[in-house]
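Taking it in order: structure first as structure tokens, then the write-up.
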Amino acid sequence: MSLKSFVFTASSVLALTAGAAVAKDSITIAMQLEPPHLDPTSAAAQAIDSVVYVNIFEGLTRFMGDGSIAPLLAKSWEISDDGTVYTFSLQEGVAFHDGSAMDAEDVKFSLDRARAEDSTNAQKALFAGISSVDVVDPMTVKVTLAEPNGSFLFNLAWGDAVIVAPESIEDIKTAPVGTGAFKLADWVQGDRIEMARNADYWGEAPVLASATFKFISDPTAAFAAMMAEDVDAFDNFPAPENLPQFEADPRFQVLVGSTEGETILSTNNKQPPFDDAKVRQALAHAIDRQAIIDGAMFGYGTPIGTHFAPHNPAYVDLTGGSAYDPDKARALLAEAGLADGFETTLHLPPPSYARRGGEIIAAQLAEVGIKAEITNVEWAQWLETVFRGKTFGLTIVSHTEPMDIGIYARPDYYFQYDNPAFQDLMATLNATTDPEARTALMQDAQKTIAGDYVNGYLFQLAKLGVAKAGVLGLWENAPTAAIDLGAISWAE
Amino acid sequence: MLRYSLKRLLSLILSLAVASAVIFAVIEVAPGDPASFMLGVNAQADTVAALQAELGLDQSKLQRYLSWVSGMLGGDFGTSYTYRTPVAEMIADRLWVSLPLALFALTLSTLIAFPAGIYAASRRGRAGDSAVMGATQLGVAIPNFWFAMILVLIFAINLRWFSAGGFSGWDNGLLAGMRSLTLPAIALALPQAAILTRVMRSSLLDILGEDFMRTARAKGLSRRQALWRHGLRNAMIPVLTIIGLQFSFLLAGAIIIEQVFYLPGLGRLVFQAISSRDLIVVESVVMLLVFAVITVNFAVDLAYAAVDPRLRSRT
Chain C
27 MSLKSFVFTA SSVLALTAGA AVAKDSITIA MQLEPPHLDP TSAAAQAIDS VVYVNIFEGL
87 TRFMGDGSIA PLLAKSWEIS DDGTVYTFSL QEGVAFHDGS AMDAEDVKFS LDRARAEDST
147 NAQKALFAGI SSVDVVDPMT VKVTLAEPNG SFLFNLAWGD AVIVAPESIE DIKTAPVGTG
207 AFKLADWVQG DRIEMARNAD YWGEAPVLAS ATFKFISDPT AAFAAMMAED VDAFDNFPAP
267 ENLPQFEADP RFQVLVGSTE GETILSTNNK QPPFDDAKVR QALAHAIDRQ AIIDGAMFGY
327 GTPIGTHFAP HNPAYVDLTG GSAYDPDKAR ALLAEAGLAD GFETTLHLPP PSYARRGGEI
387 IAAQLAEVGI KAEITNVEWA QWLETVFRGK TFGLTIVSHT EPMDIGIYAR PDYYFQYDNP
447 AFQDLMATLN ATTDPEARTA LMQDAQKTIA GDYVNGYLFQ LAKLGVAKAG VLGLWENAPT
507 AAIDLGAISW AE
Chain D
6 MLRYSLKRLL SLILSLAVAS AVIFAVIEVA PGDPASFMLG VNAQADTVAA LQAELGLDQS
66 KLQRYLSWVS GMLGGDFGTS YTYRTPVAEM IADRLWVSLP LALFALTLST LIAFPAGIYA
126 ASRRGRAGDS AVMGATQLGV AIPNFWFAMI LVLIFAINLR WFSAGGFSGW DNGLLAGMRS
186 LTLPAIALAL PQAAILTRVM RSSLLDILGE DFMRTARAKG LSRRQALWRH GLRNAMIPVL
246 TIIGLQFSFL LAGAIIIEQV FYLPGLGRLV FQAISSRDLI VVESVVMLLV FAVITVNFAV
306 DLAYAAVDPR LRSRT
């Protein structure tokens, strides 16, 4: 390095630090994956929601950081006595980023678009119960459901249910126009997305004037970027093994929270010998959850005994019913006529919870005589062979959709659990709006699938955030994939 | 010279035609569907079908191959399935990172390798030669991604002279752009320089033993004069070959370095596109790289002819 460029470097470093000391109204947040595009209503990629949810696009309701549902573009609502008609009063004075007013027509358009025949909404099922959306007046929308649906307001909070403007649909994927507190300023594909504060925002103005999202997929590079202070925060830090180092460094804070990701050893319930509940029970007792959490996730993660998030008030701890007990597992296998064990396959998608966890599980299964042959697959391959083709014995995957116990009521879902009693239970739950009755039903549902040992329930995926010490307002938990810029500020 | 060039050009066009068919066939065979990938695990079958229709994935493979090739001939590489932007635009953006990076690395590696190789050859068997050869052994043996991490550790995390990665963009000035490419270029260049130094040295040593060199010395040139006037030019052929190969490698093979420094280059684009089964992007980028490799080889062939008149008459 020549003297001249050294001087240049030194002076630009000085300029940068000086600038940061004055401003403190901008932030650079890193994420592992880049969104493919910016339309949350036509793709499942969580990275899209992380960038746009409540920042650019807003829905009638929203998730708060603690997982509760709050009104957003809908100021208030009335629900008919039979629970099928929702009348929403919209916020006044809301404008899209292009200046046009948001009104009942936009709401009708957005909901109709999501449930249309040719809709490409990844969560179309959320809207399946809607039989009609009617504009009462510019600030009032009436949504009629075919049947009562206790989780309808919850469904509307998803990123897939945000309100979009008909005239901006054409370019929504690269030039999103929403009603949120931030506008898209620039997108250098492969590198970063820049957002600027929306001066005409209808709600409380955010503290940040601008924000940059950077995309760093390599765990080592992620560590270097934080350590070199190139980024201010990392939304979901990919290398749990480095967290103690950040914890020990006063420059940083580490936020360990929970996600909606139930990480499970998915089991093909239709493939022998897994069609025998005894074999599945043996599987459950053969697994030492804590060893997996310690070995694969460096201790981050909460053991679960059913398909439900532990931070949900309706959660029941059922881990005791499938406690680690290899002797019991061997006895159960013998009862099922498989005293000599058997061979099966274990498909592992790319995330480290699966790849690292899979090695440990394979070793634990070998202890009781089950020989699981590991196949590493990419996501696209996993979707094709495991998810759609259903040609697998076991696989490890984290189901990250919030409140998704309903998948157990779909007999054609890839793990192929077909229990009419459970399906009835879910139908009753959907039709129930009374909170207490819903809690009881959800607890019954958790117990049913745990008792049937449908899948091996491992742990709730942790959300591991790292940020500079002065960053305030970051979500600790992830009730949905989101980085709520409006809540973020810097300590003085 | 003209006939030689035409012959090379014809083989270039044939290679491209064969390459396009092979690339398309190989990539389409990979399991996985871009529409299902986009829509995830909760999507309904009719939604996936709707997206497939929107993306044109419901057409036959032959139809898609023909429209891809005919589009490329007209400069249209199609539209990315996942990003929904024109592939040509995406590639152009990424080339603004990958091409300067490859050139930067190649320049560095040549700047190191030429003097080092000449020095080693002229000091054959002496301490200087052994030192250079020892260093190149090390350079070849060190994996470039590991070296990259060490560079980041020293220059980004400890000294803070450079950022740990990312690309500032050329909009912020040439110097800022070069600065973000410096560490990656060094990481890429070092192993290449080591290889090139060894080739340079051995090629020069071969030439030094030739009869015409003895003749040159007999005519009264000093050892150094003979080396510069007659030796170097003759030693260039294998060196040019290696430089040509290295450029192709640097353009396409920087994937890992781009990951380590999270640079928005071509390699990372291919990496992302493969995992999301954005087939049209993968096909177009691979095709472009094949095109680059073949044309670089073509240019190298022409350069041979320029430095070695014997090749021109031989055809």
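In order, the protein sequences belong to chains C and D. For the numbering used here, add 26 to where a residue sits in the first sequence, where the first one is 1. For the numbering used here, add 5 to where a residue sits in the second sequence, where the first one is 1. Glycine residues also receive a C-beta, built at the ideal position from the N, C-alpha and C atoms.
Within chain C, partners of residue i - CB distance below 8 Å
{"i": "residue 269 of chain D", "result": "214, 215, 216, 217"}
{"i": "residue 69 of chain D", "result": "Those do not exist, as residue 69 of chain D stays about 18 Å from chain C at its closest Cβ, beyond 8 Å."}
Where residue i meets chain D, residues with beta-carbon distance less than 9 Å
{"i": "residue 75 of chain C", "result": "Near residue 75 of chain C there are no residues of chain D at all, since even the closest Cβ is about 12 Å away, more than 9 Å."}
{"i": "residue 200 of chain C", "result": "88, 89, 90"}
{"i": "residue 427 of chain C", "result": "45, 46, 47"}
Bounding residues of the alpha helix (DSSP H) (the contiguous stretch that carries residue i)
{"i": "residue 483 of chain C", "result": "Looking at the DSSP string, residue 483 of chain C is not in any alpha helix (DSSP H); the run it does join, the beta strand (DSSP E), is 482 to 494."}
{"i": "residue 189 of chain D", "result": "179 to 213"}
{"i": "residue 213 of chain C", "result": "Premise fails: residue 213 of chain C lies in the beta strand (DSSP E), 208 to 214, not in any alpha helix (DSSP H)."}
{"i": "residue 132 of chain C", "result": "130 to 141"}
{"i": "residue 462 of chain C", "result": "461 to 477"}
{"i": "residue 311 of chain C", "result": "303 to 312"}
{"i": "residue 226 of chain D", "result": "Note, residue 226 of chain D: premise wrong, no alpha helix (DSSP H); not H, not E."}
{"i": "residue 256 of chain D", "result": "237 to 257"}
Closer than 7 Å at the beta carbon, the chain C residues around residue i
{"i": "residue 162 of chain D", "result": "250, 253, 254"}
{"i": "residue 172 of chain D", "result": "217"}
{"i": "residue 45 of chain D", "result": "70, 148"}
{"i": "residue 98 of chain D", "result": "215"}
{"i": "residue 168 of chain D", "result": "254, 256"}
{"i": "residue 59 of chain D", "result": "146"}
{"i": "residue 228 of chain D", "result": "The premise fails here: residue 228 of chain D is roughly 34 Å from chain C at the closest Cβ pair, so nothing lies under 7 Å."}
Local Cβ density within 10 Å of residue i, reported as buried at 16 or more and exposed below that
{"i": "residue 505 of chain C", "result": "buried"}
{"i": "residue 23 of chain D", "result": "exposed"}
{"i": "residue 65 of chain C", "result": "buried"}
{"i": "residue 514 of chain C", "result": "buried"}
{"i": "residue 112 of chain D", "result": "exposed"}
{"i": "residue 31 of chain D", "result": "exposed"}
{"i": "residue 151 of chain D", "result": "exposed"}
{"i": "residue 220 of chain D", "result": "exposed"}
{"i": "residue 84 of chain C", "result": "buried"}
{"i": "residue 47 of chain C", "result": "Note that residue 47 of chain C scores a pLDDT of 48, beneath 50, so its modelled location is shaky and nothing firm can be said."}
{"i": "residue 172 of chain C", "result": "exposed"}
{"i": "residue 274 of chain C", "result": "exposed"}
{"i": "residue 39 of chain C", "result": "Reliability of the predicted coordinates at residue 39 of chain C is poor, the pLDDT of 44 falling under 50, and the value obtained from them is presented with this limitation in mind. Exposed."}
{"i": "residue 456 of chain C", "result": "buried"}
{"i": "residue 217 of chain C", "result": "buried"}
{"i": "residue 284 of chain C", "result": "buried"}
{"i": "residue 377 of chain C", "result": "buried"}
Helix, strand or coil at residue i [DSSP, three-state]
{"i": "residue 270 of chain D", "result": "coil"}
{"i": "residue 47 of chain C", "result": "For residue 47 of chain C, the predicted model reports a pLDDT of 48, less than 50, meaning its position is unreliable; a value from the coordinates is still stated below. If DSSP states are grouped into helix, strand and coil, residue 47 of chain C belongs with the helices."}
{"i": "residue 330 of chain C", "result": "coil"}
{"i": "residue 56 of chain C", "result": "strand"}
{"i": "residue 175 of chain D", "result": "helix"}
{"i": "residue 220 of chain D", "result": "helix"}
{"i": "residue 429 of chain C", "result": "coil"}
Closer than 9 Å at the beta carbon, the chain C residues around residue i
{"i": "residue 33 of chain D", "result": "Under the 9 Å cutoff, chain C gives no residues; its nearest Cβ is about 13 Å from residue 33 of chain D."}
{"i": "residue 38 of chain D", "result": "406, 409, 410, 414"}
{"i": "residue 274 of chain D", "result": "215, 216"}
{"i": "residue 265 of chain D", "result": "244, 246, 247, 250"}
{"i": "residue 110 of chain D", "result": "None at all; the shortest Cβ gap to chain C is about 17 Å."}
Amino acids of chain D, ordered along the chain, whose beta-carbon sits closer than 7 Å to that of residue i
{"i": "residue 405 of chain C", "result": "42, 280"}
{"i": "residue 240 of chain C", "result": "171"}
Boundaries (first-last residue) of the beta strand (DSSP E) holding residue i
{"i": "residue 287 of chain C", "result": "278 to 293"}
{"i": "residue 111 of chain C", "result": "111 to 116"}
{"i": "residue 399 of chain C", "result": "396 to 402"}
{"i": "residue 370 of chain C", "result": "368 to 374"}
{"i": "residue 97 of chain C", "result": "95 to 97"}
Under 8 Å from the C-beta of residue i: neighbouring residues of chain D
{"i": "residue 145 of chain C", "result": "52, 55"}
{"i": "residue 220 of chain C", "result": "Within 8 Å Cβ-Cβ: nothing; residue 220 of chain C doesn't reach chain D, min ~11 Å."}
{"i": "residue 151 of chain C", "result": "47, 49"}
> Which parts of the stretch 274 to 302 of chain D are runs of the beta strand (DSSP E), unbroken and 3 residues or longer, counting only runs that do not cross its ends?
Replying inline: none
> Considering only residues of the stretch 107 to 160 of chain D, which uninterrupted alpha helix (DSSP H) runs meet the minimum length of 4 residues and lie entirely inside it, listed in chain order?
Replying inline: 132 to 146, 149 to 156
>> Taking beta-carbon pairs under 7 Å, can you tell me which members of the stretch 132 to 160 of chain D lie near chain B?
In response: The structure shown has no chain B; the protein chains it does contain are C and D.
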